[in-house]
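Heads up, the thing below is written out as structure tokens.
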Amino acid sequence: MDCRLVLTSESGNEPFVLAEGITTLGRATDNHIQLTQHAVSRHHARIHNLSSVVEIEDLGSANGTKVNGTRITRVRLAHGAQIAVGDANFLFEETDAIGLEDAAQHRDYSTRARATTVRIKPVQPVSASPGAGSGARPLRPVRPFVPNRPKDA
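With the working numbering, letter number 87 in the sequence shown gets 97, and the count goes up by one each step, no holes.
Okay, structure coming up:
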């Protein structure tokens, strides 16, 4: 699903496009979205972005994850959901619902702002090479279709 998280802070709003698959949030450097606040656990939460649904899961963090003010363990996200990861506040947006021309920088989220710094780590694609230990065979090029031609008599 095409969606994003918008970090709302006093210094401005910072949108993060959620890639399909899993996005992790936390204080450790191996997270996709790294949050530097002390109230954020090293591995705080995980977002599952599937083709038709987006869910957020708390990873047993000390200060919890809240969606619309309610502490959660795992919940489905809807457009406009307010997410608190420790002291960091996000707004969940489905890009289909807001339109592609809309930019998060033009919105004012400052009343809910608490976070200061976020670093993002790009998601690495999964390699299907035979040496990657996945057991997958390498892909072969597809031959172009050539229709049978009638033979001359």
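Virtual Cβ for every residue (Gly too), placed ideally from N, Cα, C.
- Task: Would you please state the rounded distance, in angstroms, between the beta carbons of Thr-80 and Ile-66? I believe it to be under 8 Å.
- Result: Within the sequence shown, numbered from 1, the residue matching residue 80 stands at position 70. Within the sequence shown, numbered from 1, the residue matching residue 66 stands at position 56. About 12 Å separates the CB atoms of Thr-80 and Ile-66; that is not less than 8 Å, and the two are not in contact.
- Query: What does Glu-24 pair with, by DSSP beta-bridge criteria?
  - Reply: Residue numbering aside, residue 24 sits at position 14 when the sequence shown is read from its first letter. Note: Glu-24 sits in a beta bridge opposite Leu-17.
- Query: Whose C-beta lies closer than 7 Å to the C-beta of Val-85 among residues of the same chain, with five residues either side of it excluded?
  - Reply: Residue numbering aside, residue 85 sits at position 75 when the sequence shown is read from its first letter. Residues of the same chain with a CB within less than 7 Å of the CB of Val-85, apart from the 5 flanking positions on each side, are Glu-65, Ile-66 and Val-77 in chain order.
- Message: Between Arg-56, Ile-57, Arg-37 and Gly-90, which has its C-alpha nearest His-48's C-alpha?
- Response: Position 38 of the sequence shown holds residue 48. Considering only alpha carbons, the answer is Arg-37.
- Query: On the premise that Val-27 lies in contact with Phe-100, defined as a C-beta separation below 8 Å, what is that separation, rounded to the nearest angstrom?
  - Reply: Translated into the one-based positions of the sequence shown, residue 100 becomes position 90. Translated into the one-based positions of the sequence shown, residue 27 becomes position 17. Wrong, their Cβ atoms sit about 13 Å apart, outside the cutoff.
- In chain order, what residues of the same chain lie with their CB nearer than 6 Å to the CB of Thr-71, ignoring the 5 residues before and after it? Position 61 of the sequence shown holds residue 71. According to the sequence displayed, residue 71 carries Ser and not Thr. Exclusion of the five residues before and after Ser-71 leaves Ser-51 and His-54 as the residues of its chain whose Cβ lies within less than 6 Å of its Cβ.
- Item | Cross-strand partners of Arg-84 (DSSP beta bridge) | For this step, residue 84 is matched to residue 74 along the sequence shown. Beta-bridge pairing links Arg-84 to Glu-67.
- For Leu-45, which option in Phe-102, Ala-98 and Pro-25 has the closest C-alpha, if you only look at C-alpha atoms? Here residue 45 refers to the residue found at position 35 when the sequence shown is read from its first residue. Taking each of Phe-102, Ala-98 and Pro-25 in turn and checking the Cα distance to Leu-45, the smallest one comes out for Ala-98.
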